[in-house]
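>
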Amino acid sequence: MTAFDRSDGIAALVAAALMLAVGAIGLLEYAGAHPFWSGKVAYIGVPLGLILAWAIRRIGLSRGMRLGLYLLGTVVLVAAASWGKSQFAASFAEDRFAGQVWYFGWIGAAMFATALLARLLSRN
405 MTAFDRSDGI AALVAAALML AVGAIGLLEY AGAHPFWSGK VAYIGVPLGL ILAWAIRRIG
465 LSRGMRLGLY LLGTVVLVAA ASWGKSQFAA SFAEDRFAGQ VWYFGWIGAA MFATALLARL
525 LSRN
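Our numbering numbers the first residue of the sequence shown as 405 and each following residue consecutively.
Below, the structure is given as structure tokens:
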């Protein structure tokens, strides 16, 4: 297990700034998040993603395993959010569970995308 060094911290800060910018300018809305809370999911998911990246790094998984885990998590959660959105819309906003899957799926996707970006920008 290697120590958390300065390049990891800089990569994490850059990843956080990029993801917060994505949320602030509304790109998550274009990707499928609800216009009312599309910016909010970045503000919740980004800190969680930084904590996730730090914790997985401390466990000592290899670079490739971390990359695969973050990529898989992002894809699965975007798919779950997409399913939640379609079910929520099909139920005319009556299916509460689908709405929660849509919302929390986007928070999780922002979390894993932040960790993925931090991993891609890091040298370790």
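Built from N, CA and C at the ideal position, the CB exists for glycine as well.
It should be emphasised that the depicted structure is a prediction, and the values quoted were computed from it without experimental measurement.
Between the region 498-510 and the region 417-431, are three or more C-beta pairs nearer than 8 Å?
no
> What span of residues does the alpha helix (DSSP H) with aspartate 499 cover, start to end?
Taken as a continuous stretch (DSSP letters only), aspartate 499 belongs to no alpha helix (DSSP H), as it is neither H nor E.
> What is the DSSP secondary structure of glycine 437, counted as helix, strand or coil?
What sits at residue 437 in the sequence shown is alanine, not glycine. If DSSP states are grouped into helix, strand and coil, alanine 437 belongs with coil.
> From methionine 423 to alanine 514, what does the alpha carbon distance come to, in whole angstroms?
7 Å
> Could you compute how far the alpha carbon of leucine 471 sits from the alpha carbon of proline 439?
CA-to-CA, the gap between leucine 471 and proline 439 works out to about 30 Å.
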